[in-house]
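Under full-length UniProt numbering, the first residue of the sequence shown carries the number 1, and numbering increases by one thereafter. By construction, the Cβ of each residue, glycine as well, lies at the ideal position given by its N, Cα and C atoms. Please read these numbers as outputs of a predicted model, since none were measured by experiment. Single-structure report; data block below.
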Amino acid sequence: MQLIEQLLPAGAKNKPGRNMTPKYITMHNTGNSAKGADAKAHASYLTSGAGGQKVSWHYTVDDGVIYQHLADTEQGWHAADGRGPGNSQSIGIEVCMFEGIDQARAEANAARLVAELMHRHDIPLANVTTHQHWHPSKYCPALILPHWDKFVAAVETAYNGGEAQIDVSKGHSVLVEWSRGAEVKELQSALNRHGYALEVDGTYGPATLAAVKEFQRSHGLDVDGKVGPATWAALEQEPVSQGHSVLVKWSKGEEVKGLQTILNGLGYGLDVDGTYGPATEAAVRDFQGKHGLDVDGKTGSKTWTALAQATAEKDDTLYRVQIGAYRDKANAEAAKEAAKAAGFEAIIKMDDGEG
Ligand SMILES: [Zn+2]
1 MQLIEQLLPA GAKNKPGRNM TPKYITMHNT GNSAKGADAK AHASYLTSGA GGQKVSWHYT
61 VDDGVIYQHL ADTEQGWHAA DGRGPGNSQS IGIEVCMFEG IDQARAEANA ARLVAELMHR
121 HDIPLANVTT HQHWHPSKYC PALILPHWDK FVAAVETAYN GGEAQIDVSK GHSVLVEWSR
181 GAEVKELQSA LNRHGYALEV DGTYGPATLA AVKEFQRSHG LDVDGKVGPA TWAALEQEPV
241 SQGHSVLVKW SKGEEVKGLQ TILNGLGYGL DVDGTYGPAT EAAVRDFQGK HGLDVDGKTG
301 SKTWTALAQA TAEKDDTLYR VQIGAYRDKA NAEAAKEAAK AAGFEAIIKM DDGEG
């Protein structure tokens, strides 16, 4: 395996410029499925300043080569945890996922690199982790997460001097709006397993597009409506089960996102970031106070039930506004047109005056 050093120069604006004793190794997938988005292309992206973004990591791995961008003893910006341990104590490795890559080979190369870094810096296997670990709302490494255990096993094999091998299940096609066929049916079924209610008709129409975008938004993926490797991988993850956990302050993850989404549906304005911080706790307390629950800020079974009821009641209530009653049909039409012109929906209902 060829390793090419193309280190970012001192003073580069897209790196922190701070020293580090590496204690963890953080795995990523690039999220870039475009043709030609290989390790070399990512090295060029970083050395040309990363488009002005504060972003940098240590290695990019593809199926043929590894580029190194930062010394192992220097911090990067890749974990989205600010000055937390992801950025300040971990070596970041991006695994490419471009169209046409031999994904299994790229992952095996990454596993070998991880094993070598573990030896070099005395990092235990338990400290080989994922971007998602540091930033729960980010589904990364999107392609490796569905078989994370296999990846870890391959790292362990390589660490012990064996040959790292990973079998990656066959890839799906990239689906876009108006794609048709068996794979679209598979997509619709997968979305339905995640709580959507699509007709499984094999046509990627507007309803499917809306569901895909919503799914991408709630999983920290690019919201582009294209079902590529990262979205397929997230879809193949088990959906969150129906039974809810008890969530408390600083709980993290998909269930917290679900809670935040439900609260927002009830009029709260929370960031759906998957972290049960002070704002989420305050919203839960407010909700509990208004619904006769113990105001403890924890979301246990009673609060989950009350949230479900409040959501259902809210959805069932229709508020009609009547703007007038007329004996003369022309006057009724005029009032309807005026309401429409003002941007409201308006209909005329006739009755005989006795109801
Ligand atoms: Zn990442």
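Asked	Found
I need the straight-line Cα distance from Leu235 to Leu46, nearest angstrom please.	30 Å
With distances taken from each beta carbon to the nearest heavy atom of ligand 1, which residues come in below 5 Å, in chain order?	His28, His131, Cys140
Could you give the DSSP three-state label for His291: helix, strand or coil?	coil
What is the C-beta distance between Gly228 and Ser33, in whole angstroms, given that I count them as a contact (C-beta under 8 Å)?	5 Å
If you draw a straight line from the alpha carbon of Lys35 to that of Asn109, how long is it in whole angstroms?	20 Å
Would you be able to state if there are at least three C-beta pairs under 8 Å between the stretch 76-96 and the stretch 120-135?	yes
Taking Glu156 as the reference, give the member of His42, Lys349, Ser90, Ala126 with the closest Cα.	Ala126
Looking only at its own chain, which residues have a Cβ that is under 6 Å from the Cβ of Pro22, when we skip the five neighbours before and after it?	Asp72, Ile91, His121
Determine the direct distance from the alpha carbon of Gly225 to that of His119, and round the result to whole angstroms.	42 Å
Could you name each continuous alpha helix (DSSP H) segment of 4 residues or more that falls completely within the stretch 151-210, going from the start of the chain to the end?	182-193
Tell me which residues share the same chain as Ala154 and place their Cβ nearer than 8 Å to its Cβ, disregarding the 5 neighbours each side in the sequence.	Glu107, Ala108, Ala111, Ala164, Gln165, Ile166
Rounded to a whole number of angstroms, what is the C-alpha to C-alpha distance between Ile347 and Trp250?	49 Å
Name the residue from Tyr139, Met27, Val95 whose alpha carbon lies nearest to the alpha carbon of Leu221.	Tyr139
Leaving out the 5 sequence neighbours to the left and right, which residues in its chain are closer than 6 Å to Gln103 when beta-carbon positions are compared?	Val168
Near Gln242, which residues of its chain fall below 8 Å by C-beta distance, leaving aside the five closest residues on each side in sequence?	Residue placement at Gln242 is poorly supported in this model, since its pLDDT is 48, which falls under 50; the coordinates are not used for a value here.
Please name the residue in Leu7, His172, Pro278 whose C-alpha comes closest to that of Ser56.	Leu7
Which of helix, strand or coil does DSSP assign to Met27?	strand
Could you tell me whether the stretch 322-331 touches the stretch 274-284, using the rule of 3 or more Cβ pairs below 8 Å?	no
Thinking just about the alpha-carbon of each residue, which of Glu5, Thr203, Gly265 is nearest to the one in Ala312?	Gly265
Hey, quick one: how far does the beta strand (DSSP E) through Ile93 stretch, first residue to last?	90-95
Looking only at its chain, what residues have a beta carbon closer than 8 Å to the beta carbon of Gly253, apart from the 5 residues adjacent to it on each side?	Pro136, Gly274
Any idea which residues DSSP pairs Leu3 with across the strands?	Ile66
Where does Asn331 fall in DSSP's three states?	helix
Cα-Cα, which of Leu70, Asp149, Glu5 is closest to Asn19?	Leu70
Gly49: which of Pro146, Ala12, Leu3 sits nearest, CA to CA?	Ala12
Can you look up Glu74 in the DSSP assignment and give me helix, strand or coil?	strand
Label Lys340 either buried or exposed according to how many other C-beta atoms from any shown protein chain fall within 10 Å of its C-beta, with 16 as the threshold for buried.	exposed
Check the DSSP bridge columns for Tyr59 and list the partner residues they point to.	Gln68, Ile93
For the putative contact between Ala39 and Asp62, defined by C-beta atoms under 8 Å, what is the C-beta separation to the nearest angstrom?	4 Å
If the criterion is Cβ atoms closer than 7 Å, does the pair Met97 and Leu145 meet it?	no
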